[in-house]
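Please read the structure below before turning to the comments.
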Amino acid sequence: METKPKTDLIVQLTGEDGNVFNLCGIVVNALKRAGFRDEAKEVSERLWGSNDYNEALQLFMEYVEVK
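Quick note on this note's numbering: the sequence shown kicks off at 13 and runs consecutively.
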């Protein structure tokens, strides 16, 4: 069963610089623009606990729908 993101935001990450910190910035900025400041802070803080790139992507998908 697929888990729904914590927000209804859709973020385009394909075609972007694939650096995980760049992608995090895109997600965090989208969250902030939509008024999800607490969630944006959570993503930023939790990124440092990610063990690898895939885990970081999974983290982003907890908060937004990634396209």
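All C-beta atoms in this analysis are idealised placements derived from N, C-alpha and C, irrespective of residue type, glycine included.
These numbers come from a predicted model, not from an experiment.
- In the three-state scheme derived from DSSP, where H, G and I count as helix and E and B as strand, Val23 is classed as strand.
- Counting only residues of its own chain and dropping the five nearest sequence neighbours on each side, Leu35 has a CB closer than 7 Å to the CB of Leu25, Glu28, Phe72.
- Annotated three-state conformation of Glu77 is strand, per DSSP.
- Thr15 sits away from Val76, with the two beta carbons spaced by 8 Å or more.
- A Cβ-Cβ distance of about 13 Å is found for the pair Leu43 and Leu59, leaving them out of contact under the 8 Å criterion.
- Listed in chain order, the non-local C-beta contacts of Ile38 below 7 Å within the same chain comprise Val23, Leu25, Glu28, local neighbours out to five positions each way being set aside.
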